[in-house]
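Residues are numbered in the working numbering as their position in the sequence shown, beginning at 1, plus a constant of 55.
All residues carry an ideal CB built from backbone N, CA and C; glycine is no exception.
For reference, the structure discussed in these notes is given below.
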Amino acid sequence: MKDYFPLELVKPEGVYLDPKKNYLLGCFPHGVMPTGVFNAFSSSYGGFKSYFPHHESYVATLTEQFVFPFCRELVLSLGGVSASFKSIEYLLSKPGGGNVIAVVVGGAKESYNCKPGTFRLVLKYRKGFVKLALRNGAPLVPVFSFGETDLYDQYDGPRLRKFQEAVRKKISVAPVIPIGRGFFQYSFGMLPQRHPVKTVMGKPIDVPKIKNPTPEEVDKYHGLFMEKLTELFEEQKYKYLEEPETKKLIIE
Numbered sequence: 056m057k058d059y060f061p062l063e064l065v066k067p068e069g070v071y072l073d074p075k076k077n078y079l080l081g082c083f084p085h086g087v088m089p090t091g092v093f094n095a096f097s098s099s100y101g102g103f104k105s106y107f108p109h110h111e112s113y114v115a116t117l118t119e120q121f122v123f124p125f126c127r128e129l130v131l132s133l134g135g136v137s138a139s140f141k142s143i144e145y146l147l148s149k150p151g152g153g154n155v156i157a158v159v160v161g162g163a164k165e166s167y168n169c170k171p172g173t174f175r176l177v178l179k180y181r182k183g184f185v186k187l188a189l190r191n192g193a194p195l196v197p198v199f200s201f202g203e204t205d206l207y208d209q210y211d212g213p214r215l216r217k218f219q220e221a222v223r224k225k226i227s228v229a230p231v232i233p234i235g236r237g238f239f240q241y242s243f244g245m246l247p248q249r250h251p252v253k254t255v256m257g258k259p260i261d262v263p264k265i266k267n268p269t270p271e272e273v274d275k276y277h278g279l280f281m282e283k284l285t286e287l288f289e290e291q292k293y294k295y296l297e298e299p300e301t302k303k304l305i306i307e
């Protein structure tokens, strides 16, 4: 799969993870499926271990995936963990550090925004991950997968969106209708397009350890995270996007 797109984890110069600390990665965009994130942080082929041999990486995913026996074992074998508050906090509170947890913050709702050439993130009101980082003193790391939204187009429209939202609220899964490619043609199908995906890590944002952070403290570091994520996008887009001067990050 890595060579099909291809997929690559990129560590820019100056990005360093302290082996004695745990880290929380805020990853964007979700895409129809967070292909870049899973390759980078749940696969031994993604390159994470070659950059950070002293850390174990995990990808937080829907709690519902741990209900079904075979699905549960598959997710666990790929380094997946439940996206519940309790599960993530358990990993972030490990004494001595060494854990890295990747959270696709925009979740199922952000998958609706997956269209080629667009960069609309669901982040403005998603603050729980920042609170978790503060409670455990775990640095936040912005991560952006360039090319993720080019793997699929999708059908949309107001009536379809209303139906999708109703289903998402019931089962926590967004029922998108992706438009990919087929085995022998490129105009439609369920396979993702062959397009490079570069998952780029930003520099860690140090946060204090606050057992019960106030809303104001959460807002402060949430704002700082959005600022650093935007900076990462603006700096790296000239390397990985066509016509980068026309591409803007939209945070909703």
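Reference residue i, options the options, closest by Cα
{"i": "PHE280", "options": "LEU296, THR269 and ILE306", "result": "ILE306"}
{"i": "VAL198", "options": "LEU296, GLU286, LYS294 and SER99", "result": "GLU286"}
{"i": "ASP73", "options": "TYR59, TYR106 and LEU62", "result": "TYR106"}
{"i": "LYS292", "options": "VAL158, ALA221 and VAL255", "result": "VAL255"}
{"i": "TYR59", "options": "LEU246, PRO270 and PRO263", "result": "LEU246"}
{"i": "SER137", "options": "SER99, VAL114 and LEU304", "result": "VAL114"}
{"i": "LYS224", "options": "GLY162, LYS76, VAL70 and PRO299", "result": "GLY162"}
{"i": "ALA188", "options": "TYR207, GLY135 and GLU272", "result": "GLU272"}
{"i": "SER98", "options": "ALA157, VAL185 and LYS303", "result": "ALA157"}
{"i": "LYS164", "options": "LYS149, PRO89 and ILE143", "result": "PRO89"}
{"i": "GLU63", "options": "LEU146, VAL159 and HIS250", "result": "HIS250"}
{"i": "ARG190", "options": "GLU290, LYS283 and GLU144", "result": "GLU144"}
Residue i burial status per 10 Å Cβ neighbour count (16 or more: buried)
{"i": "ASN267", "result": "exposed"}
{"i": "PRO263", "result": "exposed"}
{"i": "TYR100", "result": "exposed"}
{"i": "GLU203", "result": "buried"}
{"i": "LYS186", "result": "buried"}
{"i": "TYR71", "result": "exposed"}
{"i": "LYS76", "result": "buried"}
{"i": "PHE218", "result": "exposed"}
{"i": "LYS253", "result": "buried"}
{"i": "PHE140", "result": "exposed"}
Boundaries (first-last residue) of the alpha helix (DSSP H) holding residue i
{"i": "PRO270", "result": "270-295"}
{"i": "GLU111", "result": "Here GLU111 belongs to no alpha helix (DSSP H); instead the beta strand (DSSP E) covers 111-116."}
{"i": "LEU189", "result": "183-191"}
{"i": "VAL91", "result": "Per the sequence presented here, residue 91 reads as Gly, with Val not at that position. Segment 90-97, the alpha helix (DSSP H) holding GLY91."}
{"i": "SER142", "result": "140-147"}
{"i": "GLU165", "result": "162-166"}
Cβ distance (whole Å) where residue i is taken to contact residue j below 8 angstroms
{"i": "GLY153", "j": "HIS110", "result": "6 angstroms"}
{"i": "GLY257", "j": "VAL196", "result": "6 angstroms"}
{"i": "ASP211", "j": "GLN248", "result": "About 18 angstroms separates the two Cβ atoms, so there is no contact after all."}
{"i": "SER302", "j": "PHE184", "result": "For the record, residue 302 in the displayed sequence is Lys; it is not Ser. LYS302 to PHE184, Cβ: 25 angstroms. No contact."}
{"i": "LYS283", "j": "ILE260", "result": "6 angstroms"}
The beta strand (DSSP E) enclosing residue i, as first and last residue numbers
{"i": "ARG107", "result": "Per the sequence shown, the amino acid found at residue 107 is Phe instead of Arg. Neither: PHE107 is in no beta strand (DSSP E) and is coded neither H nor E."}
Contact test: residue i Cβ vs the ligand GDP heavy atom, cutoff 8 angstroms
{"i": "PHE218", "result": "This structure simply doesn't include the ligand GDP, nor any ligand for that matter."}
Point to revise | Validate contact between the stretch 87-104 and the stretch 274-291 using beta carbons, cut 8 angstroms, 3 pairs | key: no
Practice item. Take every Cβ of the stretch 176-193, pair it with every Cβ of the stretch 72-81, and state whether three or more of those distances are shorter than 8 angstroms. Key: yes
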